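Following: one structure in structure tokens, then a few remarks.
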Amino acid sequence: MRRSRAFIPTAKEAPSDATLPSHKFLIRGGFINQQGAGLYNFMPLGKIVLEKIRTIVKEELDLAGCSEVQLSFVTPISLWERSGRCEAMGKEMLRIKDRHENEFVLSPTNEEAMVELVKNRVTSYKDLPLNLYQINTKFRDEARPRYGLLRGREFLMKDGYSFHSSIEDMVREFNLMEETYKKIFTRLGLDFRVVAADSGAIGGDGSKEFHVLADSGEDTIIVCESCDYGANIETIDEFKDKIDELNEKSYEDLKELKVAQKCSCGANLHFKKGIEVGHIFQLGTKYSAALEANFSDENGRSKPFEMATFGIGVSRLVAAVIEQNHDENGCIWTKATAPYMVNIMISNIKDVNQVNLGEELYEKLQDSHVEVMLDDGKERFGFKMKDAELIGFPYTVIIGKELEGGLVQIYDRRTKENTAINVSQVYDKIMELI
RNA sequence: CGGGGUGUAGCUCAGUAUGGUUAGAGUACUUGGUUUGGGACCAAGGGGCCGAAGGUUCGAGUCCUUUCACCCCGACCA
Numbered sequence: 003m004r005r006s007r008a009f010i011p012t013a014k015e016a017p018s019d020a021t022l023p024s025h026k027f028l029i030r031g032g033f034i035n036q037q038g039a040g041l042y043n044f045m046p047l048g049k050i051v052l053e054k055i056r057t058i059v060k061e062e063l064d065l066a067g068c069s070e071v072q073l074s075f076v077t078p079i080s081l082w083e084r085s086g087r088c089e090a091m092g093k094e095m096l097r098i099k100d101r102h103e104n105e106f107v108l109s110p111t112n113e114e115a116m117v118e119l120v121k122n123r124v125t126s127y128k129d130l131p132l133n134l135y136q137i138n139t140k141f142r143d144e145a146r147p148r149y150g151l152l153r154g155r156e157f158l159m160k161d162g163y164s165f166h167s168s169i170e171d172m173v174r175e176f177n178l179m180e181e182t183y184k185k186i187f188t189r190l191g192l193d194f195r196v197v198a199a200d201s202g203a204i205g206g207d208g209s210k211e212f213h214v215l216a217d218s219g220e221d222t223i224i225v226c227e228s229c230d231y232g233a234n235i236e237t238i239d240e241f242k243d244k245i246d247e248l249n250e251k252s253y254e255d256l257k258e259l260k261v262a263q264k265c266s267c268g269a270n271l272h273f274k275k276g277i278e279v280g281h282i283f284q285l286g287t288k289y290s291a292a293l294e295a296n297f298s299d300e301n302g303r304s305k306p307f308e309m310a311t312f313g314i315g316v317s318r319l320v321a322a323v324i325e326q327n328h329d330e331n332g333c334i335w336t337k338a339t340a341p342y343m344v345n346i347m348i349s350n351i352k353d354v355n356q357v358n359l360g361e362e363l364y365e366k367l368q369d370s371h372v373e374v375m376l377d378d379g380k381e382r383f384g385f386k387m388k389d390a391e392l393i394g395f396p397y398t399v400i401i402g403k404e405l406e407g408g409l410v411q412i413y414d415r416r417t418k419e420n421t422a423i424n425v426s427q428v429y430d431k432i433m434e435l436i
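Count the first sequence with our numbering and you get residues 3 to 436, in order.
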């Protein structure tokens, strides 16, 4: 993409209501803009990042044997009355009426719809297990949306549901999904922890959360410094009466706090702040029994499905990447999430040699299917650098005054290092870096 | 949903206690010129139903009433 053709409205100042780095930088960088309380538009850069995350989620789930579906976003309220969740979810569910005065709900989650979909279509143990998911808009009418994409009312979530003929098989799938989620978050380039969680209102026995470690995380978790044990403090009796106190502490304060008890492996435990980006539950027969979704087992007996449910906050991940990867100048995208891997910066657009080299390199990288931005704008060097740092391209090729000596520079956004390199080697070097 | 706050240019904000020229600044935008390695400088421009509706008044951005929106603290939450 040429910068001169792109729609990337960057800004020097952030809206006054943005407090978190991800909120500020995503708006300043022209990734998103706010449409209303908890409602955001994704502009081209934001849309690219969102799609990249969505694609990685889909690829890993499909490899693990899941099938993607798409459920209707508007659902009749009767669907929710049958499970009794109409009451439980309360005002979180946005209700609307059609022209016939029939009441509908914008889906906040889809346990009921998915059970209804499978009910009477899968009727034998021979057709199990089954794992269906969708990556679709959700709407929860939060009392207080905040923190930009981290807590919107409308958001993109991947929600998956699995159906099994036995608890054992459901647990097997649960463990498979834990591993799959680890692959997803690892591919995204995130530092994360899997922790034991409180299963909350959705119910069920086993429940694990996936937290991206970041100063601004809303949850406090404890993690072992040695093994992979971790837990949300909400689940630990020792902390139950101190949750509010601990949640209020800053990241720095928490690091100083010692956890009295040791991990079962014998090592020390530490407090961390986390952003919840994934949650997996063992549901059992809670919904299948309530909605009478049954199958026939080997003995011809009718039983409700054993179920599990799996969520990933896709739009929240866009913000979580930045909460974990930013500096005072802006975004630092991971390689898997960067909207463009390389930015070719022509320092002086009036310099024909700079322009020619920029165009040539741009074309060459595009031919090699590298996601590349050509900054062919008329702004000055400083403006372009600030802009590149704000947007967070992993690499910027600076074509500038050193070109007279046959050199350009490659700027690494994460390390902030500038490396001079001969023009003849810049293509190979970029291909090696990405 | 309780408590508090804010709505004035695309964005950040003055101006409102005490009503009174043509409503301001910075930034962004347009044009011309000078610049060209860290969000440049000079000059000239365009851009506002002062959130909305009603009211008080000779006169309302400013006072009164109603309403809507957004934000913050709590409670709740992927």
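For each residue, glycine too, the CB sits at the ideal point set by N, CA and C. Since the model is a prediction, treat every value here as computed from it, not as a measurement.
Buried versus exposed call for residue i [16 or more other C-beta atoms within 10 Å across all chains shown]
i	result
Leu-158	buried
Arg-303	exposed
His-328	buried
Glu-195	According to the sequence provided, residue 195 is Arg. The question's Glu does not apply to it. The residue in question, Arg-195, is buried, as its Cβ has 16 or more Cβ neighbours within 10 Å.
Phe-141	buried
Glu-15	exposed
Leu-151	buried
Lys-386	buried
Gln-368	exposed
Ala-321	buried
Arg-146	exposed
Asp-193	exposed
Gly-40	buried
Gln-284	buried
Nearest candidate by alpha-carbon position, reference residue i, set the options
i	options	result
Ser-426	Tyr-413, Gly-408 and Lys-418	Gly-408
Leu-28	Gly-379, Pro-341 and Ile-423	Pro-341
Val-71	Gln-136, Glu-61, Leu-271 and Gly-38	Gln-136
Glu-419	Glu-391, Glu-180 and Gly-31	Glu-391
Met-8	Gly-31, Val-214 and Leu-22	According to the sequence as given, residue 8 is Ala; it is not Met. Of the listed residues, the one whose Cα sits closest to Ala-8 is Gly-31.
Glu-300	Ser-349, His-166 and Gln-263	His-166
Glu-53	Glu-325, Gly-315 and Asp-353	Gly-315
Met-45	Asp-171, Ile-34, Val-51 and Ile-55	Ile-34
Glu-278	Leu-285, Asn-234 and Ser-228	Asn-234
Met-95	Lys-264, Leu-285, Met-172 and Asp-143	Asp-143
Asp-200	Phe-176, Glu-404, Ile-238 and Leu-248	Ile-238
Asp-221	Val-410, Ile-245, Ser-228 and Cys-229	Ile-245
Gly-93	Pro-110, Lys-99, Leu-132 and Glu-103	It should be pointed out that residue 93 corresponds to Lys in this sequence rather than to Gly. Among Pro-110, Lys-99, Leu-132 and Glu-103, the Cα nearest to that of Lys-93 is on Pro-110.
Ala-216	Lys-388, Ile-186 and Lys-257	Lys-257
Own chain partners of residue i with C-beta closer than 6 Å, once the 5 adjacent residues on each side are dropped
i	result
Glu-114	Leu-81 and Ser-85
Thr-421	Ile-412
Arg-153	Pro-147
Ala-281	In the sequence on display, residue 281 carries His and not Ala. Excluding positions up to five away in sequence, the list reads Glu-211 and Gly-313.
Gly-48	Phe-33 and Ile-34
Leu-259	Phe-273
Other residues of its chain near residue i: CB distance less than 7 Å, five sequence neighbours each side excluded
i	result
Pro-306	Thr-287, Ser-290, Ala-291, Ala-295 and Asn-296
Val-76	Phe-106 and Leu-108
Ile-334	Asn-327, His-328, Gly-394, Arg-415 and Arg-416
Ile-79	Cys-88, Arg-97, Glu-105, Phe-106 and Val-107
Thr-139	Phe-75, Glu-156 and Leu-158
Lys-431	Ile-412 and Ile-423
DSSP-derived helix/strand/coil call for residue i
i	result
Ile-314	strand
Pro-17	coil
Phe-75	coil
Phe-395	coil
His-371	coil
Tyr-342	coil
Asn-420	strand
Arg-5	helix
Asn-234	strand
Asn-35	strand
Asp-239	helix
Residues near residue i in its chain [Cβ-Cβ closer than 8 Å; skip 5 each side]
i	result
Ser-18	none
Ala-203	Because Ala-203 carries a pLDDT of 47, less than 50, the predicted location of this residue cannot be relied on, and the following value inherits that uncertainty. Cβ neighbours of Ala-203 beyond the five flanking positions: Ala-90.
Leu-22	Tyr-149, Gly-150, Leu-152, Ser-218, Ala-321 and Glu-325
Leu-190	Ile-55, Ile-58, Leu-319, Val-323, Thr-336, Ala-338 and Thr-339
Proximity test, residue i beta-carbon vs the ligand SAH heavy atom, cut-off 6 Å
i	result
Asn-345	What this structure holds is no ligand at all, so the ligand SAH is not there to describe.
Length at least 4, wholly inside the region 153–211: the alpha helix (DSSP H) runs in chain order: 169–189
Go through the region 241–297 residue by residue and report every complete run of the alpha helix (DSSP H) that reaches 4 residues or more, in order. 245–250, 253–258 and 288–292
What alpha helix (DSSP H) runs, 4 residues minimum, are completely inside the region 74–108? 80–85 and 87–91
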